[in-house]
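Data first, discussion second: the structure below is written as structure tokens.
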Amino acid sequence: MPCAAPPFARVATCPGPTGLPVASRCPRCARGTCLAAGTKFRADCPGPGGLPAAKVCPECRARANLRDRRASMSNLLLQPGVTGAQLQRGWTQRVEAIVQQMFVDAFAGNEPCRYAFCIAGSGARHEASPFSDLDCFLLLEDDSAANVTFFRNASKQVSDLLLALDYGSGLRFCNLMSPLGCPGDPTAPELMRTPHNMADVVEWPDARANAHVKGGLQENRFLFGTQQLHTDFVTDLNNVVNKTCFTFSSRVTITRGKQMGLDTIRKLLADREYAPPQKTDQWFHVKNQFYRPPQFIAKGLAWFYGVPDVNTVQQLDALVLGNHMSRSVANNFKPILDVMARLRFKLHLDREGEKDFVYVAAATRDAEIARINGLVTTTKEERDLRTRLQQGTLLTAQERADLVAVIPNLHYIMRLAAEFLREKEKVLGKRNNPFLA
Numbered sequence: 001m002p003c004a005a006p007p008f009a010r011v012a013t014c015p016g017p018t019g020l021p022v023a024s025r026c027p028r029c030a031r032g033t034c035l036a037a038g039t040k041f042r043a044d045c046p047g048p049g050g051l052p053a054a055k056v057c058p059e060c061r062a063r064a065n066l067r068d069r070r071a072s073m074s075n076l077l078l079q080p081g082v083t084g085a086q087l088q089r090g091w092t093q094r095v096e097a098i099v100q101q102m103f104v105d106a107f108a109g110n111e112p113c114r115y116a117f118c119i120a121g122s123g124a125r126h127e128a129s130p131f132s133d134l135d136c137f138l139l140l141e142d143d144s145a146a147n148v149t150f151f152r153n154a155s156k157q158v159s160d161l162l163l164a165l166d167y168g169s170g171l172r173f174c175n176l177m178s179p180l181g182c183p184g185d186p187t188a189p190e191l192m193r194t195p196h197n198m199a200d201v202v203e204w205p206d207a208r209a210n211a212h213v214k215g216g217l218q219e220n221r222f223l224f225g226t227q228q229l230h231t232d233f234v235t236d237l238n239n240v241v242n243k244t245c246f247t248f249s250s251r252v253t254i255t256r257g258k259q260m261g262l263d264t265i266r267k268l269l270a271d272r273e274y275a276p277p278q279k280t281d282q283w284f285h286v287k288n289q290f291y292r293p294p295q296f297i298a299k300g301l302a303w304f305y306g307v308p309d310v311n312t313v314q315q316l317d318a319l320v321l322g323n324h325m326s327r328s329v330a331n332n333f334k335p336i337l338d339v340m341a342r343l344r345f346k347l348h349l350d351r352e353g354e355k356d357f358v359y360v361a362a363a364t365r366d367a368e369i370a371r372i373n374g375l376v377t378t379t380k381e382e383r384d385l386r387t388r389l390q391q392g393t394l395l396t397a398q399e400r401a402d403l404v405a406v407i408p409n410l411h412y413i414m415r416l417a418a419e420f421l422r423e424k425e426k427v428l429g430k431r432n433n434p435f436l437a
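Going by UniProt numbering, the first residue of the sequence shown is number 1, and it counts up by one from there.
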């Protein structure tokens, strides 16, 4: 068993908790095989995967589940012909099993009322990667103070365990959208409410609920608990989304769903982080430049046209079936999504973290870092670039070729998105849909 310390504290010469000589074990491994932290450490625990299984503590059992599932994803990644969508769905299903067991253990059969645990974001889309955050919320039959306290304590227990498993850098609750919310952020409320009260959050002003929370609630999927609570939530949510939305910049007939769709595309086009790269660029951000544009455009269109699907590929197919997008245009999205997903999985598994920044040549990367280091004063953008370059990953020739091949697709769909926004924001005249090209 190799050194079991966190990645940032591992010792190359450490033989691990059971290795010899004993004197060479690092301080973490000298404690023993149990990997639970602090007072949760058990001297008699044989560690993740140890025997007898009855003595394995809950944290080490969960750690073994996560480790084994990541290993199975590494094996799946190596299989010939595996697609990005298969990798994303495979990992999402593994995460669901881990999280459900953690909550069942935390509840211990003492739930004070019926509940429904729902996932949002990449989990709801079946598009999670090995180090994606977990966006989620809890629907409660009764959101009285006592009931909320029970579910808050259970969620805190699960959150602490997730942080311990990956030392705070992997599978964990989203810091904006989870049952616990974000205590220091007034726009990220706790998400433990009745179906009706949860649907109301979508109508809250931005000062009480940010766009990530509202969008996540609209992008949801039931995981476990009482299905009827989720059904009730979706019914109430649809009523909210289909309400007429009166805003200064829109026609009075526009619905909240259509407005959210336009806002999603508008924010994508305005943010330089999502600008499509050039073929000659020397570094790329895989998530921001290759995943977010097709995903946000598909989501924006789905919300605008009332498509209920949340998975990006399914949204594209539904848009085609609804005559809101041509098949040829949809076919420009899918290669981007496939290349991006396969590369993101490799990066996450190889680097043990959400590492999405890549560069083409080490010499060029080093020269840029040296240039920034030589500046008397630096901007935040330059400092961020330096950090990303220092933590980035060198692309293989094939990986670079795969990314470069889909850059024209990115530019094409971004042009269509900009044209779509201009058309739909017209006050007068016919409003065309360029995605039907």
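All residues carry an ideal CB built from backbone N, CA and C; glycine is no exception.
For phenylalanine 131, no alpha helix (DSSP H) run applies, since DSSP gives it neither H nor E.
Residue Val95 holds the alpha-carbon nearest to the alpha-carbon of alanine 124 among Phe103, Val95, Ile265, Leu140.
Exclusion of the five residues before and after valine 310 leaves Ala124, Arg125, Glu219 as the residues of its chain whose Cβ lies within less than 6 angstroms of its Cβ. Between leucine 77 and phenylalanine 333, the C-beta spacing is not below 9 angstroms. Phenylalanine 290 carries a helical assignment under DSSP once its states are collapsed to helix, strand and coil. Taking all protein chains in view, the Cβ of phenylalanine 8 is surrounded by fewer than 16 other Cβ atoms within 10 Å, so the residue is classified as exposed. Taking 9 angstroms as the cut-off, the beta carbon of glycine 50 is found no closer than this to the beta carbon of alanine 43.
DSSP, read as helix, strand or coil, puts methionine 325 in coil. In this structure, the alpha-carbon of asparagine 242 lies about 24 angstroms from that of leucine 436. Here the C-alpha atom of leucine 421 lies approximately 10 angstroms from the C-alpha atom of leucine 301. Selection Val234, Ala36, Asn197 evaluated against leucine 165 yields Ala36 as nearest (Cα-Cα).
Counting only runs that start and end inside the stretch 17–76, there is no beta strand (DSSP E) element of at least 3 residues.
With fewer than 16 other CB atoms across the displayed protein chains lying within 10 angstroms of its CB, arginine 371 is exposed. Under the three-state reduction of DSSP, threonine 393 is assigned to strand. The continuous stretches of alpha helix (DSSP H) do not include tryptophan 204, and DSSP gives it neither H nor E.
Taking the Cα positions, tryptophan 91 is about 15 angstroms away from alanine 120. With contact defined as three or more Cβ pairs closer than 8 angstroms, the stretch 134–141 and the stretch 182–192 are in contact.
For asparagine 147, the secondary structure class from DSSP, reduced to helix, strand or coil, is helix. The beta carbon of isoleucine 369 lies closer than 7 angstroms to those of Arg386, Leu389, Gln390 in the same chain, with the five residues before and after it left out. Distance from alanine 298 to leucine 237 at the Cβ level is roughly 19 angstroms; contact not present, criterion being Cβ atoms closer than 8 angstroms.
When the five nearest sequence neighbours on each side are left out, the beta carbons in the same chain lying within less than 7 angstroms of the beta carbon of histidine 212 are those of Leu176, Met177, in order along the chain. The straight-line gap separating the alpha-carbon atoms of arginine 28 and arginine 256 is approximately 53 angstroms.
Linking arginine 152 to leucine 262 through their CA atoms gives a straight-line distance of about 35 angstroms. Rounded to the nearest whole angstrom, the CA to CA distance from glutamine 227 to histidine 196 is 15 angstroms. In the assembly as shown, asparagine 433 is a buried residue. Its beta-carbon has 16 or more other beta-carbons within 10 Å.
Taking 9 angstroms as the cut-off, the Cβ atoms of leucine 337 and tyrosine 291 count as close. The residue from Lys355, Leu161, Gln88, Glu141 with its alpha-carbon nearest to that of phenylalanine 233 is Glu141. Collapsing the DSSP output to three states places leucine 180 in coil. Rounded to whole angstroms, the separation of the alpha carbons of valine 307 and glutamate 203 is 20 angstroms. With a threshold of 16 other beta carbon atoms within 10 Å, leucine 403 meets it and is buried. Leucine 385 sits in a helix when the DSSP states are folded into three classes. Residue pairing by DSSP puts phenylalanine 357 in a beta bridge opposite His285. The stretch 267–280 makes contact with the stretch 412–419, as at least three CB pairs between them are under 8 angstroms. Ranked by Cα distance from tryptophan 283, the options Asp160, Val376, Ala362 are led by Ala362. DSSP places arginine 431 in the coil class of the three-state scheme, outside both helix and strand.
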